[in-house]
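Going by the numbering used here, the letters in the sequence shown line up with residues -6 to 611, in that order. C-beta: ideal position from N, C-alpha, C; glycine also. In this text the structure is predicted, and so the values were computed from the model without any measurement.
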Amino acid sequence: MLDKMLVKDCIKLNLNAKSKIEVIDELVDVLYNAGRLNDKDEFRKTILNREEQSSTGLEEGIAIPHGKSSSVKIPTVAFGLSKEGIDYDSLDGEPSKLFFMIAAPADATDSHIETLSQLTSLLLDDDIREQLLKVKTEQEVLDILLKEDNVGEELVPPKEEDNDYQVLAVTACPTGIAHTYMAAEALNKKAKEMGIKIKVETNGSTGVKNHLTDEEIKNAKGIIIAADKNVEMARFNGKHVEIVGVKEGIKRPQELIQKALDQTAPVYSNKETKTSSGASERKGFYKHLMSGVSNMLPFVVGGGILIAISFIFGIKASDPTDPSFSPIAKLLMDIGGGNAFFLMVPVLAGFIGMSIADRPGFAPAMVGGLISANNGGGFLGGLVGGFLGGYVILFLKKVFAKLPEKLEGIKPVLLYPLFGILITGVLMYTVVISPVAAVNGGITNFLNSLGTGNLILLGAIVGGMMAIDMGGPINKAAFTFGIAAIAAGNYYPHAAVMAGGMTPPLGIALATTFFKNKFSKEEREAGLTNYIMGASFITEGAIPFAAADPIRVIPSCVIGSALAGGLSMAFKCQLPAPHGGLFVLPIITNPMMYLLSVVIGAFVTCILIGITKPAKNI
């Protein structure tokens, strides 16, 4: 395959370039003139964008500019030689002489990428580099590189029978074409010289290869992360982990391997796996709650939107006794409200119980949720029923642990469901329902009795909460409150919730449009997708921007979202559907004023970001 990627027409032995930019321009022209590109300007932008992330100038006089783009017609490697050398911002500060520009199509196959990646790894061989510096014809270049039988073979060694690796490593670069595999090759080569067993996981363009297993991680002395992009880190909790850039994996593999062996690297600690009891409990509670909420959402969204559509025919069009009665509205209400939406609370409870106590916890918790739904406990009662059912099963597991081993098989099919449902049901009817129903009714009455000023304040609070962590616990708390209000028949709060949730991605999208000098090309492109995500009520679209600049972005989003939520309440907007964004605008009370609320909030976020963010050199 390499003979199709490296051709004479894409080899230039005497580069005219005197600078990094000129090298890129000259090699792009070589590719375009050879018919390998359909748009040289677009591919040039791709190469320059990669260089902005980190220079592709390596040590030993090598530079490997590379890019993956739809402007590439045929996967190709262009080779350029400058015997005098050119300043290419290399790792060692020395001039680069050997230039390999890798052009990969946007839809490049695994075999293409692996072959190109393997080619780059060959450049670590001193003899090959020396030979290339002395070539006089294009054919000599081909002869040197194509004679290598190992090009296109598996980069990393096949998995051995055991998993007793002394050192493990992960390599990754933003593009995942060159540096990822060169670092892997350098580590593998040096480990072999040192007599060390190593396994290297590559996070390349075609996905994760040679994935590290839990057992391998457990047995390894140390871990090397040579990466310029995010990789899965939680699995390394408690291990000695050396974290460096991907170029460091190429530049100093022996040093990194030795540090892993000596266990001199810091012990990695993942915040989500803290062992303190308080942190563990909070994580557990949130995990169980989100398990219930996530499994409940399909019922809420599907059922809620069907209910909302039925309102188009009239608020009471589903009532056969009302003059506005419509059979279609009744059908939609029966499906959405009488069945799908009704299952919201039992499903919420069931999956909370299952998260706590695995499968045995599902039935008692779901019954607890159903009891709440049928007896005025509502959403809050469902939460109680879910946790109650789960912990009842954990209690029963301890009680029945003393039973003879012969009875082990009847526990999940008889003992757990029988006693779990019984105890949960008794406690729900005798202890939980009455006070929870009273609290639930009190909250409903409180919301219904709020004056205009308090409603606006409530809207601002829940709207702002949606933007604080954008999909995290605070965001989910506000969302859950809105759903609970819908379940109780109050449609004002969730309108504010959704307005607050749409504002961050829309505000960021507007900022990338009107303040282009404050964002990189990649950020501006991502900003376009945020128009769709914001309109669809997907707050998480704002997360990459918030993570990159939290000090400026998050406060801007919170202010805009709070304003949008407050205005929604001020305009008395009601939202009977739990999701849908602007696509459910026709079923929102005062739709134009609601749209205005969101637009104002988004523009305020946009302006605040534009004022506070510094301009970028692009």
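query	result
Grab the span of the alpha helix (DSSP H) containing T195 for me, first residue to last.	Taken as a continuous stretch (DSSP letters only), T195 belongs to no alpha helix (DSSP H), being part of the beta strand (DSSP E) at I191 to G197.
Where G375 and V425 are concerned, what is the direct C-alpha to C-alpha distance, given to the nearest angstrom?	10 Å
Compute the beta-carbon to beta-carbon distance between G73 and K127, rounded to the nearest angstrom, for a pair I have assumed lies under 8 Å.	Not a contact, Cβ separation roughly 15 Å.
Excluding the 5 residues flanking A489 on each side, which residues of the same chain have their C-beta closer than 6 Å to its C-beta?	G452, V455, G456, G558, S561 and M562
Between the alpha carbons of I302 and I531, how many angstroms are there, rounded?	21 Å
One question on the structure: do A220 and V163 come within less than 9 Å of each other, judged by their Cβ atoms?	yes
Quick one: Cα of F93 to Cα of L180, how far?	21 Å
Could you tell me if G215 is buried or exposed, where buried requires 16 or more neighbouring beta carbons within 10 angstroms of its beta carbon?	buried
Restricting to Cα atoms, I'd like to know which of Q567, A539, T506 and A431 is closest to G475.	Q567
Is the separation between the beta-carbon of G370 and that of V429 shorter than 9 Å?	yes
Measuring CB to CB, does S549 end up less than 9 Å from T605?	yes
How long is the line joining the alpha carbons of I236 and I191, rounded to whole angstroms?	16 Å
Would you mind working out which of L8, G285, I328 and H59 sits nearest S75, comparing C-alpha positions?	L8
Can you give me the C-alpha to C-alpha distance between A27 and E194, rounded to a whole angstrom?	35 Å
Could you check whether A366 and T417 sit closer than 9 Å to each other, using their CB atoms as the reference points?	no
Taking contact to mean 3 or more Cβ pairs, one atom from each stretch, closer than 8 Å, check whether the region 303 to 318 and the region 586 to 594 are in contact.	no
Rounded to whole angstroms, what's the CA-CA distance from M459 to V385? Just pull it up for me.	33 Å
What is the C-beta distance between L249 and G242, in whole angstroms, given that I count them as a contact (C-beta under 8 Å)?	7 Å
What residue ranges within the region 316 to 357 form continuous beta strand (DSSP E) runs of no fewer than 3 residues, ordered along the chain?	none
Do you know how far the Cα of Y174 is from the Cα of I602?	38 Å
Pick from Q132, S513, G307 and V551: whose alpha carbon is nearest that of L(-1)?	Q132
Taking DSSP as the reference, what is the three-state secondary structure of A540?	helix
Compute the Euclidean distance between the alpha carbons of L116 and D32, then round it to the nearest angstrom.	29 Å
Which residue marks the beginning of the beta strand (DSSP E) containing P98, and which one marks its end?	S89 to P98
Tell me which residue opens and which closes the alpha helix (DSSP H) that F596 is part of.	P584 to T605
Buried or exposed: where does F344 fall if 16 or more other Cβ atoms within 10 Å of its Cβ makes it buried?	buried
Secondary structure at E52, three-state DSSP: helix, strand or coil?	coil
Pull up the distance between the alpha-carbon of D34 and that of H572, whole angstroms please.	42 Å
Tell whether a beta-carbon distance below 9 Å holds between A96 and R43.	no
Go ahead and pull the three-state DSSP assignment for T417.	helix
Are there 16 or more other CB atoms within 10 angstroms of the CB of E208, so buried, or fewer, so exposed?	exposed
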